[in-house]
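**Q** Quick one: structure below, then a few questions.
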Amino acid sequence: MPHDQATLATPRPSSPRLLLGGAFRNFLGNSPIWYKIAILAFLVFNALCHWSLGEQSGTLLGWLLLGQFIFTLAMALKCYPLLPGGLLALQAVALGLTSPESVLGEVEHNLAVILLLMFMVAGIYFMKNLLLFTFTKLLIHVRSKYLLSLLFSVMAAFLSAFLDALTVTAVIIAIAVGFYSVYHKVASGKSYDHNHDHNDDAPVRAELRTELDDFRAFLRSLLMHGAVGTALGGVATMVGEPQNLLIAKEMEWGFTDFYLNMLPVSLPVLVAGLLTCLALEKLQWFGYGAAMPKTIRKILKDYDHYKASKRTNRERAQLIAQALVAVFLVAALALHLAEVGLIGLAVIVLLTSFNGVSDEHQIGKAFQEALPFTALLVVFFTVVSVIHSQHLFQPFIEMVLAQPAEGQAGLLFFANGLLSAISDNVFVATVYISELKAAFLRGDLGAEQFRLLAIAVNAGTNLPSVATPNGQAAFLFLLTSAIAPLLRLSYGRMVIMAFPYAVVMTVVGYLGVTHLVS
295 MPHDQATLAT PRPSSPRLLL GGAFRNFLGN SPIWYKIAIL AFLVFNALCH
345 WSLGEQSGTL LGWLLLGQFI FTLAMALKCY PLLPGGLLAL QAVALGLTSP
395 ESVLGEVEHN LAVILLLMFM VAGIYFMKNL LLFTFTKLLI HVRSKYLLSL
445 LFSVMAAFLS AFLDALTVTA VIIAIAVGFY SVYHKVASGK SYDHNHDHND
495 DAPVRAELRT ELDDFRAFLR SLLMHGAVGT ALGGVATMVG EPQNLLIAKE
545 MEWGFTDFYL NMLPVSLPVL VAGLLTCLAL EKLQWFGYGA AMPKTIRKIL
595 KDYDHYKASK RTNRERAQLI AQALVAVFLV AALALHLAEV GLIGLAVIVL
645 LTSFNGVSDE HQIGKAFQEA LPFTALLVVF FTVVSVIHSQ HLFQPFIEMV
695 LAQPAEGQAG LLFFANGLLS AISDNVFVAT VYISELKAAF LRGDLGAEQF
745 RLLAIAVNAG TNLPSVATPN GQAAFLFLLT SAIAPLLRLS YGRMVIMAFP
795 YAVVMTVVGY LGVTHLVS
């Protein structure tokens, strides 16, 4: 064997210390070292508490686990919560805080939500071309920034009420990335067909740098209006957000029932949110108000004409098929023809059949966005099972029910809102609505008061949670997307831009819950 081949074949020296270092680097991937140490400390401390306190450790460990799990949700940008949250959930089962049977019972009870995430999100994936076409026409042809911002917010709200907030956000992101890359390419002196790295500003001509920054500010404001719009529409219907379906299932509400029960809250919030959109553009506060430079509008309009000239009859037929399936989707949801997830599966079958998608790998791409969160949802249910097994929230629910009836809804609204803003609104809603259902079944809560408190839980988890990217999945998706660094959209900037919306939506939502719901 030649010397160089022998050298390549020689294994690198190893030792327990080196293996341990490699295992630590592998643990939770590229997460910060302090974060890895924190999760390991949680796991070790939980085990020590269990072994030292024995059977008496249940309640203490339950609260510790809940706090640690909320920490993983709050630190979602450091590591996707499925990993550390899943480790904590596995440890909870191993330590006897809950049982595999109880976890399975939670999953079976919430199967409709799992089907929603698996099939509805995947179904809307095949409708993206229609959504892209619609939003693109708005962006190109509406010259008024006030009207454009309002239309983006209204469209996002309407689509989120019937489709899925993540998918709507993904479409808006795709439009922003597409138009940003087109302008970046032209500003770098290249034509539409040239390969180009839009992450690198070096090729951009010096005289166009200011114009590029203005375009970034314009797109940032549209993205934030659209993301908030998904929350404005998401609160209104049982498919607007995953937790809505959880609440609808516990309340035995259909699509129309849910909409009518939430209308005294959702309609005032929608009006207030849209007025806030116009006010922010007019006053140019909190990073809003930037307009699209005229030269960029011409570039994008020329590009749209270029794309339209290359559109084939097959692609036009696909757009028509997607529009027809969209009509079917809205009608099927409104008439409650089947469980929401099964309607989503029907959408997948129809769109793939009539859009020419017949390859397994093409279909598989549609499930990539939803399945990680679906797995995380099962981890949620494991933690909820711990809460039920250890009766952690029962004292709080009893405290709420001990208050005068007219004050209970407002208290729950703020409790849900605060926790949703720092963790995840699906998890928070799951915990509270299941505890309220248990109180109702025990006879501690009347049917009408149960209805009012369910409305408060839904509003509380949907509205104040726009304050941070942690609370809304659509916001977190936007922050972690490819467009965020391109537009200089950081965590802090998102919080600042969301602040006026969060204040208005929280105040109006609270007034709706406490004064308008009857």
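Counting from 295, one number per residue, gives the positions in the sequence shown under the numbering used here. Note that beta-carbon positions come from the ideal geometry of N, C-alpha and C, so glycine has one too.
Express the C-alpha separation of residue 384 and residue 562 in angstroms, rounding to a whole number.
**A** Residue mapping note: residue 562 aligns to position 268 of the sequence shown, counting from 1. Residue mapping note: residue 384 aligns to position 90 of the sequence shown, counting from 1. Going by the C-alpha atoms only, they are around 43 Å apart.
**Q** Between residue 790 and residue 754, what straight-line distance do the alpha-carbon atoms span, to the nearest angstrom?
**A** The residue labelled residue 790 in the question sits at position 496 within the sequence shown. The residue labelled residue 754 in the question sits at position 460 within the sequence shown. Answer to the nearest angstrom: the Cα atoms are 20 Å apart.
**Q** I need the straight-line Cα distance from residue 802 to residue 526, nearest angstrom please.
**A** Position 508 of the sequence shown, counted from the start, is the residue given in the question as residue 802. Position 232 of the sequence shown, counted from the start, is the residue given in the question as residue 526. For residue 802 and residue 526, the distance between alpha carbons rounds to 12 Å.
**Q** DSSP three-state label for residue 269, please.
**A** Residue 269 falls outside the range modelled here, since the chain spans only 295 to 812, and no answer is possible.
**Q** Under 9 Å between the Cβ atoms of residue 756 and residue 537?
**A** Stepping through the sequence shown from its first residue, residue 756 is reached at position 462. Stepping through the sequence shown from its first residue, residue 537 is reached at position 243. Yes, Cβ-Cβ distance for residue 756 and residue 537 is below 9 Å.
**Q** Exposed or buried, which one is residue 295 when buried takes at least 16 other CB atoms within 10 Å?
**A** Along the sequence shown, one-based indexing puts residue 295 at 1. In this prediction, residue 295 has a pLDDT of 49, which is less than 50 and means its spatial position is unreliable; nothing more can be read from the coordinates.
**Q** Would residue 771 pass as a contact of residue 464 if the rule is Cβ separation under 9 Å?
**A** As a position in the sequence shown, residue 771 is number 477, starting the count at 1. As a position in the sequence shown, residue 464 is number 170, starting the count at 1. Contact: yes.
**Q** In angstroms with no decimal places, state the Cα-to-Cα distance between residue 778 and residue 784.
**A** Reading the sequence shown from its first residue, position 484 is the one you call residue 778. Reading the sequence shown from its first residue, position 490 is the one you call residue 784. Their backbone Cα atoms lie some 7 Å apart in a straight line.
**Q** So which of 409, 699, 759, 744 has the shortest CA-CA distance to residue 713?
**A** Here residue 713 corresponds to residue number 419 of the sequence shown, with the count starting at 1. Among 409, 699, 759, 744, the Cα nearest to that of residue 713 is on 759.
**Q** Using C-beta distances below 6 Å, list every residue in its chain close to residue 518, excluding the 5 sequence neighbours before and after it, in chain order.
**A** The residue given as residue 518 occupies position 224 in the sequence shown. Excluding sequence neighbours, residue 518 sits near 791.
**Q** In whole angstroms, what separates the C-alpha of residue 737 from that of residue 583?
**A** Here residue 737 is taken as the residue at index 443 of the sequence shown, counted from 1. Here residue 583 is taken as the residue at index 289 of the sequence shown, counted from 1. Answer to the nearest angstrom: the Cα atoms are 53 Å apart.
**Q** How many Å lie between residue 392 and residue 415 at the Cα?
**A** Locating residue 392 in the sequence shown gives position 98, counting from the first residue. Locating residue 415 in the sequence shown gives position 121, counting from the first residue. For residue 392 and residue 415, the distance between alpha carbons rounds to 31 Å.
**Q** Fully enclosed by the stretch 488-515, which alpha helix (DSSP H) runs are 4 residues long or longer?
**A** You should have found no qualifying run.
**Q** When burial is assigned at 16 or more other CB atoms within 10 Å of the CB, is residue 514 buried or exposed?
**A** Along the sequence shown, read from residue 1 onward, the residue named residue 514 stands at position 220. When all chains shown are included, residue 514 counts as buried.
**Q** Compare the C-alpha of residue 615 against each of 604, 628, 590, 651 and name the closest.
**A** Here the question's residue 615 lines up with position 321 in the sequence shown. Out of 604, 628, 590, 651, 651 has the C-alpha closest to the C-alpha of residue 615.
**Q** Go ahead and pull the three-state DSSP assignment for residue 324.
**A** For the purposes of this step, residue 324 is taken as residue 30 along the sequence shown, with counting starting at 1. Three-state result, residue 324: coil.
**Q** Could you compute how far the alpha carbon of residue 331 sits from the alpha carbon of residue 682?
**A** Position 37 of the sequence shown holds residue 331. Position 388 of the sequence shown holds residue 682. Distance between the alpha carbons of residue 331 and residue 682 is about 29 Å.
**Q** Please look up how many angstroms separate the CB atoms of residue 813 and residue 492, rounded, as I've assumed it's under 8 Å.
**A** No information on residue 813 is available, as it lies outside the stretch 295 to 812 that the chain covers here.
**Q** Which residue marks the beginning of the alpha helix (DSSP H) containing residue 799, and which one marks its end?
**A** Translated into the one-based positions of the sequence shown, residue 799 becomes position 505. Residues 785-805.
**Q** Short of 6 Å in beta carbon distance, which residues of its chain neighbour residue 730, apart from the five on each side in sequence? Order them along the chain.
**A** Within the sequence shown, numbered from 1, the residue matching residue 730 stands at position 436. Cβ neighbours of residue 730 beyond the five flanking positions: 747.
**Q** How big is the Cα-Cα spacing for residue 395 and residue 387?
**A** Within the sequence shown, residue 395 is the residue found at index 101, counting from 1. Within the sequence shown, residue 387 is the residue found at index 93, counting from 1. Residue 395 and residue 387: Cα-Cα distance of roughly 10 Å.
**Q** Suppose the cutoff is 8 Å on Cβ atoms and the five residues either side in sequence are ignored; what does the same chain contact list for residue 706 look like?
**A** Numbered from its first residue, the sequence shown carries residue 706 at position 412. Answer for residue 706: 694, 726, 747, 750, 751, 754, listed in chain order.
**Q** Is any non-hydrogen atom of the ligand NAD found closer than 8 Å to the C-beta of residue 659, if you look at the structure I gave you?
**A** By its list of ligands, the structure shown contains no ligand whatsoever, and the ligand NAD lies outside what it can speak to.
**Q** Which class does residue 295 belong to by DSSP, given the choice of helix, strand or coil?
**A** Start at 1 with the first residue of the sequence shown, and residue 295 comes out as number 1. Unreliable positioning characterises residue 295 in this predicted model, as indicated by a pLDDT of 49, which lies under 50. The coordinate reading is nonetheless provided below. The answer is coil: DSSP assigns residue 295 none of H, G, I, E or B.
**Q** Does the stretch 364-380 touch the stretch 320-338, meaning 3 or more C-beta pairs lie closer than 8 Å?
**A** Flag = yes, the stretch 320-338 and the stretch 364-380 touch.
**Q** By Cβ distance, which residues of its chain are closer than 7 Å to residue 733, with the 5 residues on each side in sequence left out?
**A** Residue numbering aside, residue 733 sits at position 439 when the sequence shown is read from its first letter. Cβ neighbours of residue 733 beyond the five flanking positions: 691, 695, 739.
**Q** Kindly say whether residue 717, judged by its beta-carbon, lies nearer than 9 Å to any beta-carbon of chain D.
**A** Within the model displayed, chain D is absent; a lone protein chain is all it includes.
**Q** In three-state DSSP terms, what is residue 686?
**A** Within the sequence shown, the letter at position 392 stands for residue 686. Three-state DSSP puts residue 686 in coil, outside helix and strand.
**Q** Am I right that residue 423 and residue 613 are in contact with their C-beta atoms under 8 Å? What's the rounded C-beta distance?
**A** Counting from 1 along the sequence shown, the entry for residue 423 is found at position 129. Counting from 1 along the sequence shown, the entry for residue 613 is found at position 319. Their Cβ separation, rounded to whole angstroms, is 6 Å, which keeps residue 423 and residue 613 in contact under 8 Å.
**Q** If you drop the 5 nearest sequence neighbours on each side, which residues of the same chain put their C-beta closer than 7 Å to that of residue 377?
**A** Working through the sequence shown from its first residue, we reach residue 377 at position 83. Excluding sequence neighbours, residue 377 sits near 322.
**Q** Using the C-alpha atoms, what's the distance from residue 580 back to residue 846?
**A** For residue 846 there is no data in the structure shown, the boundaries of the chain being 295 and 812.
**Q** Would you kindly check if the distance between the Cβ of residue 660 and the Cβ of residue 420 is under 9 Å?
**A** Residue mapping note: residue 420 aligns to position 126 of the sequence shown, counting from 1. Residue mapping note: residue 660 aligns to position 366 of the sequence shown, counting from 1. Result yes, Cβ atoms of residue 420 and residue 660 sit closer than 9 Å.
**Q** Would you tell me roughly how many angstroms separate the C-alpha atoms of residue 337 and residue 362, rounded to the nearest one?
**A** Here residue 337 refers to the residue found at position 43 of the sequence shown. Here residue 362 refers to the residue found at position 68 of the sequence shown. One C-alpha to the other measures close to 10 Å.
**Q** For residue 776, which residues of its own chain have a beta-carbon under 8 Å away from its beta-carbon, when the five flanking residues on both sides are left out?
**A** Position 482 of the sequence shown holds residue 776. 467, 471, listed in sequence order.
**Q** Can you list, in chain order, the residues of its chain with a C-beta nearer than 7 Å to that of residue 808? Leave out the 5 residues immediately preceding and following it.
**A** Working through the sequence shown from its first residue, we reach residue 808 at position 514. 703, 704, listed in sequence order.
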